[in-house]
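Okay, so the sequence shown: first residue is 3 according to my numbering, each after it adds one.
Cβ coordinates follow ideal geometry from the N, Cα and C atoms, glycine included.
Report on the structure given below.
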Amino acid sequence: MPGLPEELDGLRIAHLSDFHFGVPSPGIGAAWQAAEWAHERRPDLTVLTGDLLTHPRGEPMLRRLVRVLPAPTYAILGNHDVAISRDPQARASDLHELAPATLLRDEGRRLELRGKSVWIAGADPRLILRGRPRLDPNTLARKADLKILLCHYPRVLDMLEPGRFDLVLAGHLHDGQICLPYPGGKIPLAHPTTPYTAGAYRTAAATMHVSAGLGTTFVPFRFAARPEATELVLRQG
Numbered sequence: 003m004p005g006l007p008e009e010l011d012g013l014r015i016a017h018l019s020d021f022h023f024g025v026p027s028p029g030i031g032a033a034w035q036a037a038e039w040a041h042e043r044r045p046d047l048t049v050l051t052g053d054l055l056t057h058p059r060g061e062p063m064l065r066r067l068v069r070v071l072p073a074p075t076y077a078i079l080g081n082h083d084v085a086i087s088r089d090p091q092a093r094a095s096d097l098h099e100l101a102p103a104t105l106l107r108d109e110g111r112r113l114e115l116r117g118k119s120v121w122i123a124g125a126d127p128r129l130i131l132r133g134r135p136r137l138d139p140n141t142l143a144r145k146a147d148l149k150i151l152l153c154h155y156p157r158v159l160d161m162l163e164p165g166r167f168d169l170v171l172a173g174h175l176h177d178g179q180i181c182l183p184y185p186g187g188k189i190p191l192a193h194p195t196t197p198y199t200a201g202a203y204r205t206a207a208a209t210m211h212v213s214a215g216l217g218t219t220f221v222p223f224r225f226a227a228r229p230e231a232t233e234l235v236l237r238q239g
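Laid out in structure tokens, this is it:
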């Protein structure tokens with residue numbers, strides 16, 4: 003990452019996303035495996051990038067899982083958490099806190115890691131309504147040695163001005179969840195034209211990692227889109 007302070011070289015971030023608790027899914031087991039793996043890895047920072055619940059009945063399980071994760075943990079909500087979805091199973095949850103994790107909703111927190119200041123901001127899932135931004139995500143930025151934005155939607159990268167954030171962490175797309183593989187690639191059937199499906203991307207605005215997520219939506223299976231929990235290791239550019 004260009005401009006990363008020497009003290010933060012090697013900083014490790016566990017990135018988990020899209021549990022979709024509250025409906026039957028093999029993603030439940032994947033999410034618990036991921037939480038236990040993150041606990042064993044002991045990263046410097048743990049983040050959850052939304053769609054934690056599809057239905058409110060999954061909240062007790064979510065709270066048990068969060069207690070397994072290593073501190074500090076920061077989380078945001080996704081569109082399923084607030085039932086902005088075509089998924090008929092989605093019901094809005096009433097999450098306003100997620101202790102011991104810190105839930106961010108159009109706000110941020112400053113913390114110190116390895117002697118350097120880190121600003122971590124989280125966008126509310128209502129950031130984009132009917133294709134139009136409700137909030138300018140650039141307004142969530144603050145001065146710090148490392149500036150991180152959590153947003154459920156990867157397309158937020160196209161809204162950012164260079165220098166506002168160094169790292170964007172997103173989810174949402176499940177790496178397509180059900181894909182049609184072909185030699186050398188695959189077609190995500192749910193989002194065939196999206197430019198950001200999973201993995202790392204870099205633009206003039208920032209570096210972004212999109213998690214393939216752990217759960218499922220609409221149908222309880224994946225094809226050619228394995229569930230994923232990721233440990234990111236930041237290096238000086």
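* Is the distance from the Cβ of G215 to the Cβ of G173 below 8 Å? -> Numbered from 1 along the sequence shown, position 213 holds the residue referred to as residue 215. Numbered from 1 along the sequence shown, position 171 holds the residue referred to as residue 173. It is a contact, given that the beta carbons lie within the stated cut-off.
* Run through DSSP, which three-state label would A40 get? -> For this step, residue 40 is matched to residue 38 along the sequence shown. Here A40 sits in helix by DSSP.
* Taking all protein chains shown into account, do 16 or more other C-beta atoms lie within 10 angstroms of the C-beta of D138, making it buried, or fewer, making it exposed? -> Here the question's residue 138 lines up with position 136 in the sequence shown. Exposed, because fewer than 16 other Cβ atoms sit within 10 Å of the Cβ of D138.
* Where P7 and E163 are concerned, what is the direct C-alpha to C-alpha distance, given to the nearest angstrom? -> Along the sequence shown, one-based indexing puts residue 7 at 5. Along the sequence shown, one-based indexing puts residue 163 at 161. Whole-angstrom Cα-Cα distance: 21 Å.
* Asked: Are H22 and T56 touching if we call contact CB-CB under 8 Å?
  -> The residue labelled residue 22 in the question sits at position 20 within the sequence shown. The residue labelled residue 56 in the question sits at position 54 within the sequence shown. Taking 8 Å as the cut-off, the beta carbon of H22 is found closer than this to the beta carbon of T56.
* To do: Check whether the Cβ atoms of S119 and A143 lie closer than 8 Å to each other.
  => As a first step, residue 119 is located in the sequence shown; it is residue number 117 there, counting from the start. As a first step, residue 143 is located in the sequence shown; it is residue number 141 there, counting from the start. Taking C-beta atoms as the reference points, S119 and A143 fail to come closer than 8 Å.
* Take every Cβ of the segment 188-195, pair it with every Cβ of the segment 66-79, and state whether three or more of those distances are shorter than 8 Å. => Using a C-beta cut-off of 8 Å, the segment 188-195 makes no contact with the segment 66-79, since fewer than three inter-stretch Cβ pairs fall below that distance.
* To do: Between the Cα of D177 and those of L148, R69, F225, spot the shortest distance and give me the residue it belongs to.
  => For the purposes of this step, residue 177 is identified with residue 175 of the sequence shown, where counting begins at 1. Comparing alpha carbon positions, the residue from L148, R69, F225 closest to D177 is F225.
* Asked: Are the segment 30-41 and the segment 218-234 touching by the rule of at least three beta carbon pairs closer than 8 Å?
  -> Judged by Cβ distances under 8 Å, the segment 30-41 makes contact with the segment 218-234, as three or more pairs qualify.
* Between L152 and the ligand ADP, is the CB less than 7 Å from at least one heavy atom? -> Inclusion of the ligand ADP in the displayed structure is not the case, the ligand content being empty and no account of it being possible.
* If you run the structure through DSSP and keep just helix, strand and coil, what is A102? -> Mapped onto the sequence shown, residue 102 falls at position 100. As written in the sequence, residue 102 is Pro, which differs from the Ala given in the question. In the structure shown, P102 sits in coil (DSSP, three-state: anything other than H, G, I, E or B).
* Residue burial classification, H98 (beta-carbon count within 10 angstroms, cutoff 16) -> By one-based count along the sequence shown, residue 98 stands at place 96. When all chains shown are included, H98 counts as exposed.
* Buried or exposed: which applies to T205, given that a residue is buried once 16 or more other Cβ atoms fall within 10 Å of its Cβ? -> By one-based count along the sequence shown, residue 205 stands at place 203. With fewer than 16 Cβ atoms within 10 Å of its Cβ, T205 is classed as exposed.
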